[in-house]
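Step one of this worksheet: look at the structure below.
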Amino acid sequence: MKIFCIIPAYNEEKNIASVITRVKPFVDRIVVVNDCSVDKTAEIVRDCDATLISHPINRGQGAALQTGNEYALTQGADIIIHFDADNQFQAEEIPEVIAPLLANQADAVLGSRFLSKQSNLPAFKKNIIMPLARTVNRLFFNIKLSDPQSGFRALNRKAAQKIKIQQDGMAHCSEIMHQLFAHKLRVSEIPITVIYHEFGQKFSGGVRIVKDIIIKKIIK
51 MKIFCIIPAY
61 NEEKNIASVI
71 TRVKPFVDRI
81 VVVNDCSVDK
91 TAEIVRDCDA
101 TLISHPINRG
111 QGAALQTGNE
121 YALTQGADII
131 IHFDADNQFQ
141 AEEIPEVIAP
151 LLANQADAVL
161 GSRFLSKQSN
171 LPAFKKNIIM
181 PLARTVNRLF
191 FNIKLSDPQS
201 GFRALNRKAA
211 QKIKIQQDGM
221 AHCSEIMHQL
231 FAHKLRVSEI
241 PITVIYHEFG
251 QKFSGGVRIV
261 KDIIIKKIIK
């Protein structure tokens with residue numbers, strides 16, 4: 051059973067070494083997709099025990115995850131974990147997230163900040179952006195999950211082969227959920243803890259996510 055962790059990274063020189071160190075005990079291989087960072091992210095990853103893939107231009111987190119998925123599948127990955135590079139996710143929760151996959155109880159596991167564990171979400175994100183995203187998911191995709199935008203997820207090989215991320219930006223979270231349900235894959239939610247170090251979410255960012263989701267739905 052090969053467990054890969056895909057970490058998209060853009061200008062994460064302050065965090066990436068720590069994230070790799072924390073994730074390493076729980077997976078067989080770490081793949082960092084450097085999305086054309088202009089700082090020392092790539093240089094630091096080369097000095098760590100991780101595989102580095104670099105985009106020649108900045109494309110966005112969704113594109114980085116798709117690049118990582120494709121690479122992991124070619125390397126025989128049985129489970130693919132998506133994990134952020136900003137030190138907000140807790141690596142110690144990886145065994146909980148992948149447990150339903152190992153037990154063949156799910157094809158995909160999505161981390162949720164809105165179940166039994168507590169995350170220090172910024173009030174604006176918690177009370178405005180997340181409810182708005184949940185509403186869009188429900189209205190456009192009939193998806194009724196507690197967390198509409200979590201980046202901490204795990205896919206078995208079957209699910210990873212089905213998912214094709216076309217939303218380069220942050221709307222990929224909803225796109226992945228939509229594809230999981232469209233392919234009738236077994237989906238579970240697991241409580242996760244997210245510790246926010248910076249509260250930089252802007253309303254314009256949330257609006258852009260919703261706009262991308264709606265446009266994607268209309269043109270399909």
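Okay, so the sequence shown: first residue is 51 according to this note's numbering, each after it adds one. From the three backbone atoms N, C-alpha and C, an ideal C-beta is built for every residue, glycine too.
Item checked: Bridge partner(s) assigned by DSSP for P241 -> DSSP output for P241 lists S162 as bridge partner(s).
Next item on the list: Assign D96 to one of two classes, buried (16 or more other C-beta atoms within 10 Å of its C-beta) or exposed (fewer than that).
Entry: In the sequence as presented, Asp is not what sits at residue 96; that position holds Arg. That one is exposed.
Next item on the list: Out of I130, H233, S196 and S104, point me to the one whose CA is closest to V73's CA.
Entry: Ranked by how close their Cα comes to the Cα of V73, the residues I130, H233, S196 and S104 have I130 in first place.
Next item on the list: Might you give, ordered along the chain, the residues of its own chain that have their beta carbon closer than 8 Å to the beta carbon of K208, omitting 5 neighbours on each side?
Entry: So the qualifying residues of the chain are D157 and L235.
Notebook entry, point to check: Residues in its own chain within less than 7 Å of E63 by CB, not counting five upstream and five downstream?
Noted result: D89, K90, T91 and I94, listed in sequence order.
Next item on the list: Sort D136, H132, R163 and G126 by Cα distance to I148 and report the nearest one.
Entry: Closest by C-alpha distance to I148, out of D136, H132, R163 and G126, is H132.
Item checked: Simplified DSSP assignment, three categories, for S104 -> In this structure, S104 counts as strand in the three-state DSSP scheme.
Next item on the list: Pick out whichever of V77, A127 and Q155 has its Cα sitting closest to the Cα of E143.
Entry: Residue nearest to E143 within the set V77, A127 and Q155 is V77 (criterion: CA-CA distance).
Check: Roughly how many angstroms separate the alpha carbons of G201 and G161, rounded to a whole number?
Finding: Straight through space, the alpha carbons of G161 and G201 are spaced by roughly 8 Å.
Item checked: Among M220, V237, I215 and H222, the one whose alpha carbon lies nearest that of S196 -> Residue V237 holds the alpha-carbon nearest to the alpha-carbon of S196 among M220, V237, I215 and H222.
Check: Distance, Cα to Cα, Q138 vs Y246?
Finding: Spanning the two alpha carbons is a distance of roughly 6 Å.
Checklist line | A221 versus I215 - alpha carbon distance | finding: If I take the Cα positions, the gap works out to 10 Å.
Note to self: Tell me the DSSP secondary structure of I259 in three-state form.
What the structure shows: Confidence in I259 is poor, its pLDDT being 49 and thus under 50, which makes the residue's placement unreliable; the coordinate value appears in the next sentence. DSSP places I259 in helix when its eight states are reduced to three.
Checklist line | Residue of D218, M227, H233 and A204 minimising C-alpha distance to K212 | finding: Out of D218, M227, H233 and A204, H233 has the C-alpha closest to the C-alpha of K212.
Notebook entry, point to check: Do you know how far the Cα of S87 is from the Cα of P106?
Noted result: Rounded to whole angstroms, the gap between the alpha carbons of P106 and S87 is 9 Å.
Notebook entry, point to check: Does DSSP put R79 in a helix, in a strand, or in coil?
Noted result: In the structure shown, R79 adopts extended strand secondary structure according to DSSP, grouped into three states.
Notebook entry, point to check: Given that a residue counts as buried once 16 or more other Cβ atoms are within 10 Å of its Cβ, and exposed if not, what is Q199?
Noted result: Counting the other Cβ atoms within 10 Å of the Cβ of Q199 gives 16 or more, which makes it buried.
Next item on the list: Measure the C-alpha to C-alpha separation of P241 and A204 and round it to an integer number of angstroms.
Entry: If you take the alpha carbons of P241 and A204, they lie about 13 Å apart.
Note to self: Give me, in chain order, the residues of the same chain whose beta-carbon lies closer than 6 Å to that of L230; leave out the 5 immediate sequence neighbours on both sides.
What the structure shows: Annotation for L230: A158 and V237 place their beta carbon closer than 6 Å to its own, counting only its chain and skipping 5 residues before and after.
Margin query: On the DSSP letters alone, give me the boundaries of the beta strand (DSSP E) that A204 sits inside.
Written below: Under the DSSP assignment, A204 falls in the beta strand (DSSP E) whose first and last residues are R203 to N206.
Check: What are the start and end residues of the alpha helix (DSSP H) that includes A232?
Finding: That run of the alpha helix (DSSP H) goes H222 to A232.
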